[in-house]
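Q: Got a structure for you, questions after.
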Amino acid sequence: MFDDKTILITGGTGSFGRKCVQMMTERYRCRKIIVFSRDEFKQFEMANQMVGDRYACLRFFLGDVRDKDRLKRALGGVDYVIHAAAIKQVPAAEYNPFEAVRTNIVGAQNLIDAAIDMGVAKVMALSTDKAANPINLYGATKLCSDKLFVAGNAYVSQDRPTRFSVVRYGNVAGSRGSVIPLFLRKRAEGELPVTDVRMTRFWITLEHAVEFVFNSMAQMKGRELFVPKLPSMRILDLVEAVGPGCKVKVVGIRPGEKIHETLIPRDESFRTVEYPEHYVVYPSTPTAGGLPLDGGGRLVAEEFDYNSGDNPDCLTVEEIRRQVELLFPHGVQRPDEGY
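Going by numbering that gives the first Met the number 0, the letters in the sequence shown line up with residues 0 to 338, in that order.
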């Protein structure tokens with residue numbers, strides 16, 4: 000779907016953006032891929048690492064999603080947008096709340112307005128499991144952002160082609176902020192810090208996340224919130240996989256952190272459609288003809304809840320170990336770039 004198209008990735012120097020560029024250039028012959036971000040040094044690093052004919056379509060555009068005029072300039076001639084820019088660190092958002100609001104909420108509305116004005120065909124926004132029943136500011140700002148993007152479809156007149164959808168998934172295994180690199184660094188000490196021994200999380204790799212975004216963009220008609228079907232991971236199983244024999248040091252749950260993560264809360268079950276590989280959550284605003292059930296979709300059971308704690312698909316210790324070895328073959332953290 001990206002052949003001969005121009006794609007802009009906000010926050011494109013982050014781990015998702017870099018992997019997205021790599022996979023996109025492997026599979027498609029894009030007219031242009033624009034990396035839009037505010038850090039010139041990370042753009043410089045990325046430009047020097049991605050060289051050769053494969054990356055000839057790559058362009059870098061300095062800017063901030065808080066600046067609508069700059070977004071409009073960057074979106075000239077763009078067909079598709081993948082919106083990955085956000086303030087993502089929970090403690091940083093708690094301590095600097097309005098900075099998170101300005102980027103995650105105001106920035107989202109800026110992108111919606113600019114995309115409509117510039118005639119972009121599709122915009123896919125990346126969300127997080129923390130936006131489902133949020134208990135911290137980061138999750139609350141992303142929930143607001145999700146609703147802005149879904150509602151953005153109502154602002155588009157018939158002569159404007161722009162459509163907006165959202166992808167929601169959990170923490171990316173091994174990415175910035177992931178506990179796995181921390182465990183790898185500390186396992187030589189014989190003790191690993193755990194916030195709560197009951198903790199579970201959904202498991203998704205960076206490659207899977209990018210693949211899911213590609214597939215969702217191919218299917219989107221606008222207004223959908225796409226959720227992949229993912230396995231869960233128990234924190235104590237991760238400890239055993241990464242540091243067998245290590246002691247567990249319980250350090251206490253952090254502010255804004257949950258024991259289990261939710262991708263689809265029970266209150267959204269009445270508007271959730273299940274497919275073989277994913278779910279689609281539709282907005283609560285009524286639509287003519289009810290929920291679309293094409294392509295083999297079926298409405299989930301009443302009071303369905305997609306939660307990492309009671310997810311029947313749970314990784315074993317050996318499965319986690321194999322995944323970690325693939326992510327970190329040398330047992331060290333990969334270079335990490337963020338928006």
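Note that CB positions come from ideal geometry on N, CA and C, so glycine has one too.
Computed from a prediction, not measured in an experiment: that's the story for all the values here.
(1) Short of 6 Å in beta carbon distance, which residues of its chain neighbour Gly173, apart from the five on each side in sequence? Order them along the chain.
(2) Any idea what DSSP makes of Phe327, helix, strand or coil?
(3) Among Val20, Lys67, Leu74 and Leu7, which residue has its Cα nearest to the Cα of Val50?
(4) Would DSSP call Pro334 helix, strand or coil?
(5) Count the other C-beta atoms from every protein chain shown that fall within 10 angstroms of the C-beta of Asp304, then say buried if there are 16 or more, exposed otherwise.
(6) Which residue spans inside the segment 152 to 201 form an unbroken beta strand (DSSP E) run of at least 3?
(7) Using a 10 Å radius around the Cβ and a threshold of 16 neighbouring Cβ atoms, would you call Ile115 buried or exposed?
(8) Give every residue of the same chain whose Cβ lies closer than 7 Å to the Cβ of Ala287, excluding the five residues on either side of it in the sequence, and list them in chain order.
(9) My guess is that Arg270 and Glu302 are in contact by the Cβ rule of under 8 Å, so how many angstroms apart are they, rounded?
(10) Is it buried or exposed, Lys246, if we count other Cβ atoms within 10 angstroms and call 16 or more buried?
(11) Are the CB atoms of Leu70 and Asn109 within a distance shorter than 7 Å?
(12) Going by the DSSP bridge assignment, what does Ala124 pair with across the sheet?
(13) With the cut-off set at 7 Å, would you say Arg186 and Leu224 are in Cβ contact?
(14) In terms of alpha-carbon separation, which member of Leu191, Val193, Glu188 and Ala120 lies closest to Ser164?
(15) According to DSSP, simplified to helix, strand and coil, what is Asp31?
(16) Taking the alpha carbon of Asp293 as the reference point, which residue from Val299, Asp309, Val272 and Pro311 has its own alpha carbon closest?
(17) Please tell me whether Val226 and Tyr281 are closer than 7 Å, where the distance is taken between their beta carbons.
(18) Taking Cβ to Cβ, would you say Ala99 is nearer than 7 Å to Leu136?
(19) Could you name the residues of the same chain whose beta carbon sits closer than 6 Å to that of Ala124, not counting the 5 residues immediately before and after it, in chain order?
(20) So, helix, strand or coil for Leu229, using DSSP?
(21) Could you work out which residue in Gly13, Val209, Lys257 and Gly106 is closest to Met45 when comparing CA atoms only?
A: On the basis of the supplied data:
(1) Indexing the sequence shown from 1 puts residue 173 at position 174. So the qualifying residues of the chain are Ile179 and Leu326.
(2) Position 328 of the sequence shown, counted from the start, is the residue given in the question as residue 327. Assignment of Phe327 by DSSP, reduced to helix, strand and coil, places it in the coil class.
(3) Taking the sequence shown and counting its residues from 1, one reaches residue 50 at position 51. Restricting attention to Val20, Lys67, Leu74 and Leu7, the CA atom closest to the CA of Val50 is found in Val20.
(4) Your numbering for residue 334 matches position 335 in the sequence shown. Low per-residue confidence applies at Pro334: pLDDT is 40, beneath 50, and the placement is therefore not dependable, though the value from the model is reported in the following sentence. Coil at Pro334, not helix or strand.
(5) One-based indexing of the sequence shown puts residue 304 at position 305. Looking at its Cβ environment, which holds 16 or more other Cβ atoms inside 10 Å, Asp304 is buried.
(6) Counting whole runs of 3 or more residues, the segment 152 to 201 contains the beta strand (DSSP E) stretches 162 to 168, 190 to 193 and 199 to 201.
(7) As a working mapping, residue 115 is identified with position 116 in the sequence shown. Buried is the call here.
(8) Your numbering for residue 287 matches position 288 in the sequence shown. Bear in mind that a pLDDT of 48 at Ala287, under 50, signals an unreliable position, so the model cannot answer this.
(9) The sequence position of residue 270 within the sequence shown is 271, counting from 1. The sequence position of residue 302 within the sequence shown is 303, counting from 1. Going by Cβ atoms, the distance from Arg270 to Glu302 rounds to 13 Å, so no, they are not a contact pair.
(10) The residue given as residue 246 occupies position 247 in the sequence shown. So Lys246 counts as exposed.
(11) Taking the first residue of the sequence shown as position 1, residue 109 is located at position 110. Taking the first residue of the sequence shown as position 1, residue 70 is located at position 71. Contact annotation: Asn109 and Leu70 have beta-carbon atoms nearer than 7 Å.
(12) Reading the sequence shown from its first residue, position 125 is the one you call residue 124. According to DSSP, which records beta bridges pairwise, Ala124 is partnered with His82 and Val165.
(13) If you number the sequence shown from 1, residue 186 lands on position 187. If you number the sequence shown from 1, residue 224 lands on position 225. No, Cβ-Cβ distance for Arg186 and Leu224 is not below 7 Å.
(14) Your numbering for residue 164 matches position 165 in the sequence shown. Between Ser164 and the set Leu191, Val193, Glu188 and Ala120, the nearest pair of CA atoms involves Ala120.
(15) Walking along the sequence shown from the start, residue 31 turns up at place 32. According to the sequence displayed, residue 31 carries Lys and not Asp. In the displayed model, Lys31 falls within a strand according to three-state DSSP.
(16) For the purposes of this step, residue 293 is taken as residue 294 along the sequence shown, with counting starting at 1. Selected option, being the one with the closest Cα: Val272.
(17) If you number the sequence shown from 1, residue 226 lands on position 227. If you number the sequence shown from 1, residue 281 lands on position 282. Not closer than 7 Å, so no.
(18) Within the sequence shown, the letter at position 100 stands for residue 99. Within the sequence shown, the letter at position 137 stands for residue 136. Taking 7 Å as the Cβ cut-off, Ala99 and Leu136 qualify as a contacting pair.
(19) In the sequence shown, counting from the first residue as 1, residue 124 sits at position 125. Excluding residues up to 5 positions away in sequence, His82, Phe148 and Val165 lie with their Cβ nearer than 6 Å to the Cβ of Ala124 in the same chain.
(20) As a working note, residue 229 is residue 230 in the sequence shown. In the three-state reduction of the DSSP assignment, Leu229 falls in the coil class.
(21) Position 46 of the sequence shown, counting from 1, holds the residue named residue 45. When only C-alpha atoms are compared, the closest one is Gly13.
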